[in-house]
Structure formats: C-alpha cells, structure tokens
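Chains as they are written, first to last, in the numbering used here: chain A, 1 to 321; chain B, 1 to 321.
These notes are about the structure you will find just below.
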C-alpha cells in the first residue's frame, strides 16, 4: 500500500505513473483542499479535480485544469452578464461542481463525494481530501508589490484567497505570508492517519511545498504521522535547477525566506521525510541534501510524457531507505 | 403605469405584448417566486427567468423554459455522474443561476439581482420578485394517487417541493393541498405595494391561479393592496373552455375543490379583481361571471403568436371599468 501526498498537476502526473507501476487499488492519494473555494455557490476543489480528471484520462493537457474538449458556454454567458467569469469553468467541468455541491448540501462528506466522483469516472486509486473540514489557504501580499489603488476584486491585500492570488493575480505579486484558515480545528479525513501508519511507502508528490503540501501538513496529526514513518517517506522535489516546473513555487520559496533549490526543499521536508528525489540537473547538490539528513536520490524527475511518469514511478517504488 | 401580477409562460407572452403596446418603462411585473428552489447549491427562479428570457427575445418557444439554442453539456455530464439531472439547465441558462447565486451570497437582494439580470439582458420593463424573502410552494399529494412504494426521489408525498411535483412528477399526480412556506413572514419586494397603489391599471396575467398567482397573493399586504384597487384590477383567465392552455391549472382547480372554468377563476379572484377577461370560447359564461361581481370582457385570449399577444395587450389597456 502506498500513500501519496498530493497537490495538483505535478501530483496528477506522478499518480498517472504510479497507477501503471503498481495495483491502483493499493494507492491512496491524500489531496490538498486548501485551494478549495465557494464561487457562484458551488464548492470547487481544484486539486481533487485535477487528479481525478487526469487519472480518468480526461484532463486538458494544455491548461492543467478542466476537462479536455470542454466547452465554455456558461462562462461566455456569465461574462456577458458581467458576472465573475475570471475562474474558468467548462460546461462539463461544471457538472462536477454541481454534483459535489448538491451532495454536500444533502449532508455527504467531502471524502464521500470525492470517492463517488472518482468511482463514477473510473478512477481506480483512492482519492481522499486531506480533511473533510474547511481549510482555506490565504495569503498576505507584500505591500511593495501592491499598487496604491489596490487590485480589482481584491478587497484586502493582506487577506487574499488562494484562487484570487493564483488565478486573478496570475501569481504575479510578491507574497509575505501564507496561512491556512481553519487548519487548527480540522481533522484528517477518515482513514488518512491509519493509511500513513500502515503504508509500505509514502510518496510526497512534486507539488508546491508551501501552498500544496503545506496545507496537508497543517492538518493536525498528519505531519506527526509522517514523522513517525520518516524512513519510508520519499519526497520528490518540485524545484529543478532552482526553478518551479509550473506555478510560483520558486518565487514563493524566496519570498517566504527559503532557498529556491532542492536544498531549500530538503530543509523544509527534513523533519518528516527520509529521502528526497532530485532531478539529474541538481546532482551536484546531492551531498548538501544528504548533509541536511535526507537520503538523496538523483533521477530524471521531469514528467514530460506518460512514459517519463511511469519511469519516475518505478524508481520511487522501493526507493525508501 | 401598469402593474402585472405574473407567473411563467402565459405571463411572459402577455408581457411581450404589453411592452409593444405601451412604454415598457411604465410596466412593473411582480413575479411569483414560490417555484424558486435551491438545486446544486444554485438559486433558481424559474418564473423570473422565463419572463426575462422571453422579454429579451431569447426564450425557447419549444419548451417554455430555458434559452433558445442552448446546449446541455453540463447536464449530460451530470447524468453520467449519476447526479440530479432531472431539472434541465442549459449551459447558458446555468450562467443566470451562477450569477444570481453569487450575487445573493455577496448580500444582494433577489430584487436587486433580478433587476441586474434584466438590465444586462436588455429588458426594458421592471421585473420584480413578489418578495425578497423565501416563499416556497409545497404540495400534499392525494394518497390515492401515490403508489405504495412512493415516488423515486420524493421523500414525503405529503410535503412535496413545487418543482418535484411540476418537473419530476410531470404534474401527473393528484394534489390535495397547496401551501406557501414562509409566506406569513415574507414582505413584498421594495416598491411593489407602492406600485399597486399608484398604478393606472393592474393586470393579472393568465397564469395558474393556485400555484402562480396564489403565492403572490400569499405575501402579506399584496392581496389587500389589490382589493383597494379592485376596479382597476383586470385579470385574464388562464382557463379556456374548461382547460388550461398549459400546465395543470385545470386539474389543480378541480382537485382543490374549485370549478375548472372561467367561473371558478372568477370566484377565486372576486375579492380583489374588478374585471375578468375570458376567451370567446367562454362567451356563454359571461353572464355568470358578471353575477359573481366581475365585469366580464370577452376577447380572443389565446396568445398563439406575438401578434395575438399584442392584440390582447391592447384590449387590456384601458379595459378597466
């Protein structure tokens, strides 16, 4: 049994390799829900959907979000109405959010709804939200990067919802703090702690350490459970040659006082990860990673094709010390 | 200035004639919201949308609901997911509900959102919900018409939401009672009572007396305001030759102890309507209507084309005693 701590696109690619490298029924993906939001009254879970769509073979490779071949009639009409059309929701993608919102209103838990949606879409691995309780990633922007007039649609630059930062502002504004509202009162979703305890191996996907893996660790109990399994926790660095392959992980690391390198990632993960997988481009930093106390595995980590995802997955299986 | 008390399709057709017969800016449509519901987390206002779409020239004449030429990708996907796809929402139609739900969540009133949507769609008359407060039409089914196993998706046949009756059960089940949950605590939307008081004429559209006009009358203050203007209240019978042109009005009248005829309508409306417009098919009943105490106007009321709607509208203007 393998547990994967997961964010969005990078995690989805690795999971797509893992399901080919082992029995998918033995995989539990514990997914960040700090990016979740309520918009138009709908509960939207971007990372869960990215993973489910990818594993169902229906993700849009051009965007990293949404369904391949989807249409955007609802959004076009919403834009005509002057509504909030900044967060792109395809017509078929909308069905996911309609389904989830209705089921939650009926009293189902987010983990139950997530399992239903994954099953309906033929996803064989277990997709589990980090928590059934609301945890919301919020950011304080660096005042130096905020124009005197503020940003349209952003009421308080010191308290910005994640998708406002990520989509509205296209993560192009410096950040000075990240927090996870509701985390201290949240509980891990049913089965998560038990799975971490019983797993043969725990993989931390190449997702943003601060805003994808960070919220999962902020759910009380999960970081401790990982620390108890430290020798079996293998993390994949999302930073390659100092840069994020996608998204703002490199800038966020620097802005929040970390080093944007595999070494910065190693220092963040050292308390609970036994191994760090770094790309061949970072081979020279392997000794420094080992000095931080992590076993350093140097392989090709850039999953530019399904074949490369499978190869990385195979290297991870049994990679623990 | 003209006030029109309105349900859905029949009202929309008459309003489409009225806006051609007079200055649309002088018309306020006070619209039934007893059919409103929350589904998929979205606030859906079927009668308001039917009227707005029709007046915007975008209604689907084949169905009476939704937008002409709309697509149904979201619903197709929702059906694949096993979700609640029984209430058809087109992709562009969805934008209306997304917009409304988001604005309500932001604190806007239903009347403010309704005005925004009407303005954005270029509708010149004032479309006003009967109330900004939630009023929900609920029905008790006649046990004789309910199979021993009940109906799928209907938890309690004694407490059925309007759209469950109207759409899920295709209004094919006898009803023994109708009530308007929340009506006693509701207030008329801003401006409604003032408009009734000041109007030159008040038209009651050919809508279902019990479940379209009934909820409007159940909002405290509206029936009294109409009664004070009784000589200027002109109602159009939705019953022609004993039958409803559309929907279950004829059966509901019988099931709830009324006569399914213009006479049944006259008796229901007599406390607050001065005139009843009946179709030429019911000319023989005009004396009986007059006996109930209403001035009876016999014209062609079947709005089978825009020209017929305009003709009826012209006959109504100045038709009061």
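We put the CB at the ideal spot given by N, CA and C, even for glycine.
As the structure is a prediction and not an experimental result, all values here were calculated from the model.
Please name the residue, chosen from the options, that lies closest to residue i on a Cα-to-Cα basis.
{"i": "residue 7(A)", "options": "298(A), 117(A), 127(A)", "result": "127(A)"}
{"i": "residue 153(B)", "options": "78(B), 277(B), 84(B)", "result": "84(B)"}
{"i": "residue 12(A)", "options": "233(A), 158(A), 60(A), 223(A)", "result": "60(A)"}
{"i": "residue 303(A)", "options": "73(A), 3(A), 5(A), 9(A)", "result": "9(A)"}
{"i": "residue 77(B)", "options": "67(A), 80(A), 76(A), 77(A)", "result": "67(A)"}
{"i": "residue 279(A)", "options": "228(A), 116(A), 312(A)", "result": "312(A)"}
{"i": "residue 234(A)", "options": "242(A), 204(A), 74(A), 228(A)", "result": "204(A)"}
{"i": "residue 214(A)", "options": "20(A), 32(A), 22(A), 25(A)", "result": "32(A)"}
{"i": "residue 40(A)", "options": "74(A), 254(A), 54(A)", "result": "74(A)"}
{"i": "residue 329(B)", "options": "108(B), 82(B), 269(B), 70(B)", "result": "The structure shown has nothing for residue 329(B), since chain B only spans 1 to 321."}
{"i": "residue 191(B)", "options": "64(B), 112(B), 57(B)", "result": "112(B)"}
{"i": "residue 242(A)", "options": "201(A), 261(A), 298(A)", "result": "261(A)"}
{"i": "residue 272(A)", "options": "248(A), 225(A), 247(A), 246(A)", "result": "225(A)"}
{"i": "residue 89(B)", "options": "106(B), 38(B), 211(B)", "result": "38(B)"}
{"i": "residue 72(A)", "options": "93(B), 65(B), 63(B), 169(B)", "result": "93(B)"}
{"i": "residue 135(B)", "options": "105(B), 255(B), 141(B), 161(B)", "result": "161(B)"}
According to the neighbour-count rule (16 or more other Cβ atoms, all chains shown, within 10 Å of its Cβ), is residue i buried or exposed?
{"i": "residue 301(B)", "result": "buried"}
{"i": "residue 185(A)", "result": "exposed"}
{"i": "residue 197(B)", "result": "exposed"}
{"i": "residue 49(A)", "result": "buried"}
{"i": "residue 101(B)", "result": "buried"}
{"i": "residue 188(A)", "result": "buried"}
{"i": "residue 206(B)", "result": "buried"}
{"i": "residue 114(A)", "result": "buried"}
{"i": "residue 147(B)", "result": "exposed"}
{"i": "residue 106(A)", "result": "exposed"}
{"i": "residue 143(B)", "result": "exposed"}
{"i": "residue 82(A)", "result": "exposed"}
{"i": "residue 257(B)", "result": "exposed"}
Given this structure, state the Cα-to-Cα distance separating residue i from residue j, to the nearest angstrom.
{"i": "residue 156(A)", "j": "residue 138(A)", "result": "11 Å"}
{"i": "residue 223(A)", "j": "residue 230(A)", "result": "10 Å"}
{"i": "residue 45(B)", "j": "residue 36(B)", "result": "5 Å"}
{"i": "residue 285(B)", "j": "residue 267(B)", "result": "13 Å"}
{"i": "residue 87(B)", "j": "residue 80(B)", "result": "15 Å"}
{"i": "residue 166(A)", "j": "residue 43(B)", "result": "28 Å"}
{"i": "residue 173(A)", "j": "residue 164(A)", "result": "11 Å"}
{"i": "residue 259(B)", "j": "residue 98(A)", "result": "42 Å"}
{"i": "residue 321(A)", "j": "residue 282(A)", "result": "Since pLDDT at residue 321(A) reaches only 46, below the 50 mark, its modelled position is unreliable, and the value read off the structure follows with that caveat. C-alpha separation (whole angstroms): 20 Å."}
{"i": "residue 119(B)", "j": "residue 52(B)", "result": "9 Å"}
{"i": "residue 274(A)", "j": "residue 294(A)", "result": "5 Å"}
{"i": "residue 324(A)", "j": "residue 95(A)", "result": "The question about residue 324(A) has no answer here: the residues shown for chain A are numbered 1 through 321."}
{"i": "residue 252(B)", "j": "residue 26(B)", "result": "33 Å"}
{"i": "residue 5(B)", "j": "residue 195(B)", "result": "11 Å"}
{"i": "residue 179(A)", "j": "residue 151(A)", "result": "20 Å"}
{"i": "residue 171(A)", "j": "residue 246(A)", "result": "11 Å"}
{"i": "residue 14(A)", "j": "residue 117(A)", "result": "20 Å"}
According to DSSP, which residues form a beta bridge with residue i?
{"i": "residue 109(A)", "result": "Residue 109(A) is not bridged to any residue."}
{"i": "residue 12(A)", "result": "Residue 12(A) pairs with nothing; no bridge assigned."}
{"i": "residue 275(A)", "result": "234(A), 295(A)"}
{"i": "residue 181(A)", "result": "136(A)"}
{"i": "residue 124(A)", "result": "DSSP output for residue 124(A) lists no bridge partner at all."}
{"i": "residue 349(B)", "result": "In the structure displayed, chain B extends from 1 to 321; residue 349(B) sits before or after that span and is not available."}
{"i": "residue 194(B)", "result": "According to DSSP, residue 194(B) bridges with nothing at all."}
{"i": "residue 129(B)", "result": "31(B)"}
{"i": "residue 222(A)", "result": "DSSP output for residue 222(A) lists no bridge partner at all."}
Taking 7 Å as the cut-off, does the CB of residue i come closer than this to any heavy atom belonging to the ligand ZN?
{"i": "residue 106(A)", "result": "Questions concerning the ligand ZN fall outside what the structure shown contains, since it holds no ligand whatsoever."}
Can you give me the Cβ contacts of residue i inside the same chain, cut-off strictly under 7 Å, excluding the 5 residues immediately before and after it?
{"i": "residue 265(A)", "result": "209, 237, 239, 276"}
{"i": "residue 296(B)", "result": "276, 278, 286, 289, 290"}
{"i": "residue 16(B)", "result": "54, 55, 306, 309"}
{"i": "residue 217(B)", "result": "223"}
{"i": "residue 123(B)", "result": "52, 55, 56"}
{"i": "residue 21(B)", "result": "310, 313, 314, 317"}
{"i": "residue 244(B)", "result": "238, 250"}
{"i": "residue 298(B)", "result": "278, 280, 283, 286"}
{"i": "residue 108(A)", "result": "none"}
Which same chain residues end up closer than 6 Å to residue i when comparing Cβ atoms and leaving out the 5 residues on each side of it in sequence?
{"i": "residue 110(B)", "result": "129, 132"}
{"i": "residue 145(B)", "result": "173, 174"}
{"i": "residue 19(A)", "result": "125"}
{"i": "residue 221(A)", "result": "188, 193"}
{"i": "residue 158(A)", "result": "140"}
Near residue i, which residues of its chain fall below 8 Å by C-beta distance, leaving aside the five closest residues on each side in sequence?
{"i": "residue 23(B)", "result": "none"}
{"i": "residue 270(B)", "result": "292, 293, 294"}
{"i": "residue 104(B)", "result": "43, 110, 113"}
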